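First comes the structure, then the notes that go with it.
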Ligand code: FPP
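Residue numbers (the working numbering): 7 to 240.
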């Protein structure tokens, strides 16, 4: 029995497209509904005392989608991160991003930097938005960072270990305790590969636009009822 609140939750927000198609709506409307849902559910999760919430907003592979869909999502990110700046400040939530810069446009990148800067002193929780993100890319990019530090004499390679490797990821966040994937797919899809090593995983058939407070409570209850013993074969 584990009654505690997980310190770090990660969510693969899947099923926006199917949610929309099932109701005769355009895929884009599913993404918009997903965005609206994310604001509510993220606030609920952080209000429960979860300190870190990571969400998969856009994978490196998502650039292969139609230009119309990619453009829609990029414009949604620009609008949302501009208009929600005060929402995050008011709720004391620090926003950070994980992912590669290229090929994001400067328009997207600049609003990301702006919201990171405006919320950097917020204390209630950290909202990590994985955007243009890939888990293997993150490990490759950390390796490059580490090699450079070693070459510059700033890191002794013998000091690197499993615990402090987190410092070299896109953001220095703790390990993920609970990974949630919506919409019924049962895959990891290259998400946070290093950080989810010991995470409990919860899959639900609910599509992300319907992943509300009640659905989150079900995931939390399932997590809390698991028998998790640190140090056992995990
Ligand atoms: C996967 O569903 C979802 C995405 C690729 C985008 C997720 C983005 C949001 C929820 C909006 C986030 C907004 C901000 C501002 C962070 P899918 O399109 O693959 O669904 P499908 O598998 O049913 O087609």
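For glycine and all other residues, C-beta sits at the position ideal for the given N, C-alpha and C.
Bear in mind the structure is a predicted one, so any value in this text is a computation, not a measurement.
May I ask you to verify whether the stretch 28-40 touches the stretch 89-104, counting CB pairs closer than 8 Å and requiring at least 3? no
Three-state secondary structure assigned by DSSP to residue 68: helix
Can you round the beta-carbon distance between residue 6 and residue 65 to whole angstroms, since I take them to be within the 8 Å contact cut? Because the chain spans 7 through 240 in this model, residue 6 falls outside it and cannot be assessed.
Evaluate residue 102 with the Cβ neighbour count: other Cβ atoms within 10 Å of its Cβ, from every protein chain shown; 16 or more gives buried, anything less gives exposed. buried
Separation of residue 99 from residue 68, as counted between CA atoms: 27 Å
Is there a Cβ of chain B sitting closer than 8 Å to that of residue 114, yes or no? The structure shown contains no chain B, having only a single protein chain.
Burial state of residue 79, where buried means 16 or more other Cβ atoms lie within 10 Å: buried
Report yes if the CB atom of residue 179 is closer than 8 Å to the CB atom of residue 201, and no otherwise. yes
Please name the residue in 71, 230, 217 and 226 whose C-alpha comes closest to that of residue 25. 217
Mapping the DSSP letters down to three states, classify residue 56 as helix, strand or coil. coil
How many Å lie between residue 233 and residue 135 at the Cα? 30 Å
Environment of residue 7 [buried if 16+ CB atoms lie within 10 Å]: Low confidence applies here, because residue 7 scores a pLDDT of 44, under 50, leaving its location unreliable; read the following figure in that light. With fewer than 16 Cβ atoms within 10 Å of its Cβ, residue 7 is classed as exposed.
Contacting residues, own chain, Cβ-Cβ under 6 Å from residue 16 (five flanking each side not counted): 60, 182, 185 and 198
Kindly indicate which residue of 106, 85 and 21 has the alpha-carbon position closest to the one of residue 192. 21
heavy atom of the ligand FPP below 7 Å from residue 260 C-beta: For residue 260 there is no data in the structure shown, the boundaries of the chain being 7 and 240.
Which of helix, strand or coil does DSSP assign to residue 209? strand
Thinking just about the alpha-carbon of each residue, which of 127, 133, 155 and 13 is nearest to the one in residue 104? 133
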